[in-house]
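Trainee: Numbering (the numbering used here), first residue to last: 1 to 242. Glycine residues also receive a C-beta, built at the ideal position from the N, C-alpha and C atoms. Remember, it's a predicted structure, so these values are computed and weren't measured experimentally.
1. So, do the region 48 to 67 and the region 150 to 165 have three or more beta carbon pairs nearer to each other than 8 Å?
2. Measuring only from the beta carbon, is residue 165 closer than 6 Å to any heavy atom that is part of the ligand NAD?
3. What number of angstroms, rounded off, separates the C-alpha of residue 228 from the C-alpha of residue 48?
4. Suppose contacts are defined by Cβ-Cβ distances below 7 Å. Is residue 170 in contact with residue 233 by that definition?
5. Evaluate residue 41 with the Cβ neighbour count: other Cβ atoms within 10 Å of its Cβ, from every protein chain shown; 16 or more gives buried, anything less gives exposed.
6. For residue 157, does the three-state DSSP call read helix, strand or coil?
7. Sort 174, 135 and 198 by Cα distance to residue 90 and report the nearest one.
8. Using 8 Å as the cut-off, can you tell me whether the region 91 to 99 makes contact with the region 110 to 121, which would need three or more C-beta pairs spanning the two stretches below that distance?
9. Residues bridged to residue 65 by DSSP?
10. Using a Cβ distance threshold of 8 Å, determine whether the region 148 to 155 contacts the region 24 to 44, with at least three qualifying pairs required.
11. Can you name the start and end residues of the beta strand (DSSP E) that residue 120 belongs to?
12. Mapping the DSSP letters down to three states, classify residue 100 as helix, strand or coil.
13. Give the range of the alpha helix (DSSP H) segment to which residue 22 is assigned.
14. Between the beta-carbon of residue 102 and the beta-carbon of residue 77, is there less than 7 Å?
15. Anyone know if the C-beta pair for residue 194 and residue 202 falls short of 7 Å?
16. Helix, strand or coil: which one does DSSP assign to residue 204?
In structure tokens:
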């Protein structure tokens, strides 16, 4: 089955912990997420409906028996057995064997000793339409089968879209957190260097204020990205751990 999947390029994460690449991540979603499991059942439902409708065209054996006894005497025993074969165009082929026994038989049931074989066909038009109920049910079943496949694709595409957004949100904030952590370390090193030059008298004390503001600004951004990364990671975990 073809599924529309956004072709996402993966840039290797520079973080120490091992992370799933996009293909591994999407495979995990498709194998374990409840929506994916539910969507996998939809074509099976459609196939079962078609199979049931096709069963209406299977050959069917029949047997009709009617007997009457009185004072241990057999008035009559009627047996009609055979096979019905429905066809697509409403034509039903029928073949069978009739047997009549007894002392009080109607003339139409007076058969040879080995029974009377017969064969024939009947055409179902159904209220002036060139289609019978069996064909109508099969066409409905095939339409339902097509709809289940389309619905499966819609559900999976929506799931992959949501999962893809969650993954790349996490990827963005995880890398932004790391970059800002490094930027914070650089700003802190600069602050310490400025403090030393101020102590040596090479710079004015006001310079430490500017360096401190830069540290606080980068620290604030680092904490913001760290929080966003945690939130995005929770969303990803909720999708993969379902």
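Mentor: With the structure as the only source:
1. Too few Cβ pairs lie closer than 8 Å, so no.
2. Inclusion of the ligand NAD in the displayed structure is not the case, the ligand content being empty and no account of it being possible.
3. Your numbering for residue 228 matches position 228 in the chain shown. Your numbering for residue 48 matches position 48 in the chain shown. Spanning the two alpha carbons is a distance of roughly 46 Å.
4. For this step, residue 170 is matched to residue 170 along the chain shown. For this step, residue 233 is matched to residue 233 along the chain shown. Residue 170 is a Cβ neighbour of residue 233, given a cutoff of 7 Å.
5. Here residue 41 refers to the residue found at position 41 when the chain shown is read from its first residue. Counting the other Cβ atoms within 10 Å of the Cβ of residue 41 gives fewer than 16, which makes it exposed.
6. Numbered from its first residue, the chain shown carries residue 157 at position 157. Residue 157 sits in a helix when the DSSP states are folded into three classes.
7. Within the chain shown, numbered from 1, the residue matching residue 90 stands at position 90. Residue 135 is the option with its Cα nearest to residue 90.
8. yes
9. Counting from one through the chain shown, the residue named residue 65 turns up at place 65. According to DSSP, residue 65 bridges with 79.
10. As far as the Cβ criterion goes, the region 148 to 155 touches the region 24 to 44, which means the pair count is three or higher.
11. Taking the first residue of the chain shown as position 1, residue 120 is located at position 120. Its beta strand (DSSP E) spans residues 116 to 123.
12. One-based indexing of the chain shown puts residue 100 at position 100. Strand at residue 100.
13. For the purposes of this step, residue 22 is taken as the residue at position 22 of the chain shown. Unbroken alpha helix (DSSP H) run through residue 22: 22 to 32.
14. Against the chain shown, residue 102 aligns to sequence position 102. Against the chain shown, residue 77 aligns to sequence position 77. Yes.
15. Against the chain shown, residue 194 aligns to sequence position 194. Against the chain shown, residue 202 aligns to sequence position 202. No, the pair does not count as a contact, with Cβ atoms beyond the cut-off.
16. Residue numbering aside, residue 204 sits at position 204 when the chain shown is read from its first letter. Looking at residue 204 - three-state DSSP - the assignment turns out to be coil, as it is neither helix nor strand.
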